[in-house]
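Numbering (numbering that gives the first Met the number 0), first residue to last: 0 to 110.
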Amino acid sequence: MALIEDFEKKAITLLCSGILPNSVLHSVINFPESVEVKFTGAEYMLFIKHFELPTDQLKFEQPSVAGEYQGHQLTFNIFIDAQILCLECSNYLGLCISEEIRKGSIWVHAT
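Quick look at the structure:
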(Lines of atoms letter the chains of each structure in order from A; the text may use other names.)
(Lines give C-alpha, C1' and ligand atoms only; values in the text may rest on other atoms or scores of the structure.)
Protein backbone atom coordinates (compact mmCIF):
# COMPACT_ATOMS: atom_id res chain seq x y z
CA MET A 0 0.00 0.00 0.00
CA ALA A 1 1.31 3.45 -0.93
CA LEU A 2 1.78 6.06 1.77
CA ILE A 3 0.06 9.44 1.82
CA GLU A 4 2.74 12.13 1.64
CA ASP A 5 2.61 15.21 3.90
CA PHE A 6 1.88 17.62 1.01
CA GLU A 7 -1.01 15.37 -0.07
CA LYS A 8 -2.40 15.41 3.47
CA LYS A 9 -2.22 19.22 3.42
CA ALA A 10 -4.01 19.45 0.05
CA ILE A 11 -6.74 17.07 1.26
CA THR A 12 -7.19 19.03 4.48
CA LEU A 13 -7.35 22.39 2.67
CA LEU A 14 -9.93 21.12 0.18
CA CYS A 15 -12.11 19.12 2.57
CA SER A 16 -12.05 21.07 5.84
CA GLY A 17 -15.36 22.64 6.63
CA ILE A 18 -17.17 20.02 4.54
CA LEU A 19 -15.99 16.73 6.04
CA PRO A 20 -15.76 16.55 9.85
CA ASN A 21 -12.22 16.89 11.24
CA SER A 22 -12.47 13.44 12.85
CA VAL A 23 -13.23 11.88 9.45
CA LEU A 24 -10.39 13.78 7.74
CA HIS A 25 -7.98 12.64 10.45
CA SER A 26 -9.03 9.00 10.08
CA VAL A 27 -8.94 9.08 6.27
CA ILE A 28 -5.41 10.51 5.98
CA ASN A 29 -3.90 8.66 8.93
CA PHE A 30 -5.70 5.30 8.89
CA PRO A 31 -6.78 4.52 5.30
CA GLU A 32 -8.10 1.09 4.38
CA SER A 33 -6.16 1.22 1.12
CA VAL A 34 -4.12 3.71 -0.92
CA GLU A 35 -3.34 3.49 -4.64
CA VAL A 36 -1.52 5.86 -6.98
CA LYS A 37 -2.03 6.09 -10.75
CA PHE A 38 0.13 8.24 -13.02
CA THR A 39 -1.37 9.30 -16.34
CA GLY A 40 1.27 11.68 -17.74
CA ALA A 41 0.35 15.27 -16.92
CA GLU A 42 -1.35 14.25 -13.68
CA TYR A 43 -1.52 11.61 -11.02
CA MET A 44 -4.37 10.41 -8.88
CA LEU A 45 -4.17 9.21 -5.30
CA PHE A 46 -7.07 6.92 -4.33
CA ILE A 47 -7.84 6.53 -0.62
CA LYS A 48 -10.51 4.11 0.55
CA HIS A 49 -12.05 4.61 3.98
CA PHE A 50 -15.36 3.45 5.46
CA GLU A 51 -16.16 6.91 6.93
CA LEU A 52 -16.15 8.63 3.53
CA PRO A 53 -19.50 9.40 1.87
CA THR A 54 -20.94 6.99 -0.68
CA ASP A 55 -22.39 9.82 -2.80
CA GLN A 56 -20.40 11.59 -5.51
CA LEU A 57 -18.82 14.84 -4.34
CA LYS A 58 -16.34 17.22 -5.96
CA PHE A 59 -14.13 19.61 -3.99
CA GLU A 60 -12.55 22.48 -5.93
CA GLN A 61 -12.78 25.36 -3.46
CA PRO A 62 -10.69 26.81 -2.09
CA SER A 63 -8.34 26.60 -5.07
CA VAL A 64 -5.33 24.61 -3.92
CA ALA A 65 -2.06 24.93 -5.78
CA GLY A 66 1.45 23.63 -5.38
CA GLU A 67 4.89 24.12 -6.79
CA TYR A 68 7.46 21.47 -7.65
CA GLN A 69 10.78 22.30 -9.32
CA GLY A 70 9.29 25.42 -10.91
CA HIS A 71 6.15 23.63 -12.15
CA GLN A 72 2.74 24.90 -11.04
CA LEU A 73 0.40 22.17 -9.78
CA THR A 74 -3.32 22.16 -9.07
CA PHE A 75 -5.23 19.85 -6.74
CA ASN A 76 -8.86 18.67 -6.83
CA ILE A 77 -10.75 16.04 -4.88
CA PHE A 78 -13.51 13.70 -5.92
CA ILE A 79 -15.29 11.30 -3.57
CA ASP A 80 -17.42 8.38 -4.71
CA ALA A 81 -18.32 5.07 -3.05
CA GLN A 82 -16.15 5.75 0.02
CA ILE A 83 -13.07 6.44 -2.13
CA LEU A 84 -11.38 9.82 -2.08
CA CYS A 85 -9.43 10.71 -5.23
CA LEU A 86 -6.84 13.47 -4.94
CA GLU A 87 -5.98 14.65 -8.44
CA CYS A 88 -2.67 16.47 -8.90
CA SER A 89 -2.28 18.12 -12.30
CA ASN A 90 0.54 20.07 -13.88
CA TYR A 91 -0.78 23.52 -14.76
CA LEU A 92 0.98 23.48 -18.16
CA GLY A 93 0.04 19.89 -19.02
CA LEU A 94 3.67 18.73 -18.86
CA CYS A 95 4.52 15.18 -17.83
CA ILE A 96 4.63 14.51 -14.09
CA SER A 97 7.33 12.09 -12.99
CA GLU A 98 6.63 9.46 -10.35
CA GLU A 99 9.40 11.08 -8.28
CA ILE A 100 7.12 14.06 -7.66
CA ARG A 101 5.61 12.34 -4.63
CA LYS A 102 9.02 12.12 -2.95
CA GLY A 103 9.93 15.73 -3.75
CA SER A 104 9.55 18.90 -1.78
CA ILE A 105 6.19 20.41 -2.75
CA TRP A 106 4.84 23.66 -1.41
CA VAL A 107 1.02 23.46 -1.15
CA HIS A 108 -1.22 26.46 -0.45
CA ALA A 109 -4.76 27.74 -0.88
CA THR A 110 -5.12 30.53 -3.40
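We treat Cβ as the ideally placed atom computed from N, Cα and C, and that holds for glycine.
By the Cβ test, the stretch 34-44 is not in contact with the stretch 53-72, since fewer than three Cβ pairs between them sit closer than 8 Å. Nearest to N29 by C-alpha distance, out of V107, E51 and E98, is E51. Within the same chain, Cβ atoms closer than 7 Å to the Cβ of A81 are found at T54, the five residues on either side in sequence being excluded. Rounded to whole angstroms, the gap between the alpha carbons of Q72 and I105 is 10 Å. Put simply, of E98, G103, I77 and I83 the residue whose alpha carbon is nearest the alpha carbon of A10 is I77.
With respect to G17, Q69 sits apart: the two C-beta atoms are not nearer than 8 Å. Inclusion of L86 and E7 in the CB contact set at 8 Å is warranted, their separation being smaller than that value. Bridge partners of F75 according to DSSP: V64 and C88.
In chain order, F78 place their CB closer than 6 Å to the CB of K58, counting only its own chain and leaving out the 5 sequence neighbours on each side. By the Cβ neighbour-count rule, L24 is buried, with 16 or more other Cβ atoms within 10 Å of its own. DSSP, read as helix, strand or coil, puts D5 in helix. In this structure, the beta-carbon distance from I47 to I96 does not fall below 8 Å.
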